[in-house]
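Numbering (the numbering used here), first residue to last: 1 to 429.
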Amino acid sequence: MSTSAQLREETICCVVGGGPAGAMLALLLARQGVEVTLLEAHRDFERDFRGDTLHASTMEILDEIGLADRLLELRHAKVRHFTVPTKGGEFTFDLFAGLRTRFPYIVVMAQSRFLEFITEEAKRYPNFRLAMGARVEELLEEDGVVRGVRYRGRDGWREVRATLTVGADGRFSKVRRLAGFDPVKISSPIDVLWFRISRREEDPKEALAARMGSGLFLVLIDRFDYWQVGCTILKGGYRRIRDAGLEGLRRSLARVAPEWADRFDELEDWKQIPVLSVEISRLKRWHKPGLLLIGDAAHVMSPLGGVGINYAIQDAVVASNVLGKKLATGTPIQERDLAEVQRRRELPIRAIQTFQSLGQRGVARGVLNSEGERAFAVPRLVLLLLKIPRLLAIPARFLSFGLRPPHVEAGEEITTRAENASPPSVPTR
Ligand SMILES: Cc1cc2nc3c(=O)[nH]c(=O)nc-3n(C[C@H](O)[C@H](O)[C@H](O)COP(=O)(O)OP(=O)(O)OC[C@H]3O[C@@H](n4cnc5c(N)ncnc54)[C@H](O)[C@@H]3O)c2cc1C
Numbered sequence: 001m002s003t004s005a006q007l008r009e010e011t012i013c014c015v016v017g018g019g020p021a022g023a024m025l026a027l028l029l030a031r032q033g034v035e036v037t038l039l040e041a042h043r044d045f046e047r048d049f050r051g052d053t054l055h056a057s058t059m060e061i062l063d064e065i066g067l068a069d070r071l072l073e074l075r076h077a078k079v080r081h082f083t084v085p086t087k088g089g090e091f092t093f094d095l096f097a098g099l100r101t102r103f104p105y106i107v108v109m110a111q112s113r114f115l116e117f118i119t120e121e122a123k124r125y126p127n128f129r130l131a132m133g134a135r136v137e138e139l140l141e142e143d144g145v146v147r148g149v150r151y152r153g154r155d156g157w158r159e160v161r162a163t164l165t166v167g168a169d170g171r172f173s174k175v176r177r178l179a180g181f182d183p184v185k186i187s188s189p190i191d192v193l194w195f196r197i198s199r200r201e202e203d204p205k206e207a208l209a210a211r212m213g214s215g216l217f218l219v220l221i222d223r224f225d226y227w228q229v230g231c232t233i234l235k236g237g238y239r240r241i242r243d244a245g246l247e248g249l250r251r252s253l254a255r256v257a258p259e260w261a262d263r264f265d266e267l268e269d270w271k272q273i274p275v276l277s278v279e280i281s282r283l284k285r286w287h288k289p290g291l292l293l294i295g296d297a298a299h300v301m302s303p304l305g306g307v308g309i310n311y312a313i314q315d316a317v318v319a320s321n322v323l324g325k326k327l328a329t330g331t332p333i334q335e336r337d338l339a340e341v342q343r344r345r346e347l348p349i350r351a352i353q354t355f356q357s358l359g360q361r362g363v364a365r366g367v368l369n370s371e372g373e374r375a376f377a378v379p380r381l382v383l384l385l386l387k388i389p390r391l392l393a394i395p396a397r398f399l400s401f402g403l404r405p406p407h408v409e410a411g412e413e414i415t416t417r418a419e420n421a422s423p424p425s426v427p428t429r
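Shown next, in the form of structure tokens:
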């Protein structure tokens, strides 16, 4: 790396990663008048391996900052009803019937559109800067304090010096690795085959369809132009599925989801069917002087329940509530402030990860295993719960909001740092 080619920038908060956690934090800080730079490795938000579900917790957060109705003007679908197989046939229920919220549904929206929407909103604030195609490779550290990052941009190396650096760079977080943090892994018995098939007018109208049977568990997400399919397999089972051949997989898929049977013929090459490793893990410590990790960088979420985006956004809200005012006024950020963010989020994260871990074990029991095929039926006791909205509201609330859902505490600060804030403060140990 040539030092002479480096360009240097100073900011108050440098957020690494333009996923749900990073984009939302950048917006919430920008609203408070904090000078914030958001660095995203990719040149756009179009990536395949992203979830698309926004739960009521996220919609309420957006409502609190006046964005929910505008977001709902974008192309989306609302999911209320779910169908599960039982011993006596299929049973459909409204999961959110007993939930008290303005948004008793799951919004399914392309995550790329959602991220564009959030970052466009952030651009309204002159104290916000977004760098796309900016891959962070190094942390700037002085005397054990993180003072920013070095990244590879479109036109060479650049440096951002910052009062606070936030790693929101997802499950394979480079920032986490550079900081020397090692996540504690919780065993995960499943992986996911992730592929797309074409969509036709006459296809089922479900925005989020789940099909179980013949030893497979499929989730089909309507992305309007095509269907994104997630097919759960047992961890380590990919080799066996490959050995059985593409025709065998196509036949099994067609049996489970006959409405799409002819579409599975589009799968002609294994390259179309990447296998995604499902992981659940979390850090013991989310911070060190000058650095905070949030979202999947701090706690990797399983796709189960489609909650990861929403928990990442809740982390952003808490970080902005705890740190925003201090950053906006130039008050030094102590490590105990960073610890406070972790303290507020730790219990909800542990709770949902326990739920995901148990859920994964249940799913694993229903999917393909080496002995052959197993049918999956929802137990009778669970079925009883699904029929009573007031009882159903308990798991619905947990799934939609989790424990201790945060609210946006800080109001919008119209003036920008250039006009009224103090110069960057130095984080202390
Ligand atoms: C197959 C699958 C399906 C899922 N489906 C859902 C779902 O439907 N609903 C749901 O709520 N959750 C889902 N999840 C979980 C969800 O994707 C994550 O929990 C969520 O995206 C976490 O958000 P984040 O902002 O922390 O990280 P991410 O969304 O991973 O965003 C991190 C960002 O950082 C960027 N980045 C990475 N490294 C660098 C770097 N060095 N420099 C700069 N930028 C960098 C990345 O490009 C990315 O944009 C799914 C997960 C998987 C694996």
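Using N, Cα and C, we set each Cβ at its ideal position, and we do this for glycine too. Computed from a predicted model, the values in this text were never measured in an experiment.
I'd like to confirm the pairing. Which residues does DSSP put opposite residue i in its beta bridges?
i	result
VAL275	LEU193
GLY213	LEU216
ILE221	LEU208 and GLN228
MET109	According to DSSP, MET109 bridges with nothing at all.
THR92	THR83
GLU141	VAL146
PHE128	VAL36
SER281	LYS185 and VAL300
TYR151	VAL136 and ARG158
GLU121	Partner(s): none; GLU121 has no beta bridge.
GLU9	VAL160
HIS76	Paired residues: none, contrary to the question.
THR58	According to DSSP, which records beta bridges pairwise, THR58 is partnered with nothing at all.
LEU292	VAL166 and HIS287
SER198	TYR226
Would you say residue i touches ligand 1, meaning its beta carbon is less than 8 Å from a heavy atom?
i	result
MET212	no
ASN127	no
ASN321	no
ASP169	yes
ASP52	yes
VAL160	no
ARG47	yes
ARG196	no
LEU292	no
ARG135	yes
TYR238	no
GLY153	no
ASP296	yes
SER173	yes
PRO20	yes
TYR105	no
HIS42	yes
VAL300	yes
LEU220	no
PRO303	yes
GLY230	yes
GLY156	no
VAL34	no
VAL341	no
GLY306	yes
TYR311	yes
LEU276	yes
VAL16	yes
LEU234	no
VAL192	yes
Since residue i and residue j should fall inside the 8 Å C-beta cutoff, what is the C-beta to C-beta distance between them, to a whole number of angstroms?
i	j	result
GLY306	ALA168	That belief does not hold up - the Cβ atoms of GLY306 and ALA168 are roughly 19 Å apart, past 8 Å.
PHE103	LEU71	Not really, about 11 Å apart at Cβ, beyond 8 Å.
SER357	ILE280	6 Å
SER188	ALA297	Incorrect: roughly 18 Å between the Cβ atoms, too far for contact.
ASP94	HIS76	Between HIS76 and ASP94 the Cβ distance is about 18 Å, and since that is not below 8 Å, they are no contact.
VAL36	PHE114	Going by Cβ atoms, the distance from VAL36 to PHE114 rounds to 19 Å, so no, they are not a contact pair.
Do residue i and residue j have their C-beta atoms within less than 9 Å of each other?
i	j	result
GLN353	ARG282	yes
LEU193	VAL229	yes
ASP265	ARG242	no
TRP260	ILE197	yes
SER57	PHE401	yes
HIS407	GLU60	yes
GLU335	HIS287	yes
ASP191	LEU234	yes
ARG150	LEU140	yes
GLY290	ALA134	no
GLU9	GLU159	yes
TYR311	GLY330	no
LEU28	SER320	yes
ALA396	LEU99	yes
VAL16	VAL278	no
VAL107	LEU54	yes
PRO348	PRO303	no
Completely contained beta strand (DSSP E) runs for the region 232 to 266, where each covers 3 or more residues = Annotation note: the region 232 to 266 contains no uninterrupted beta strand (DSSP E) run of length 3 or greater.
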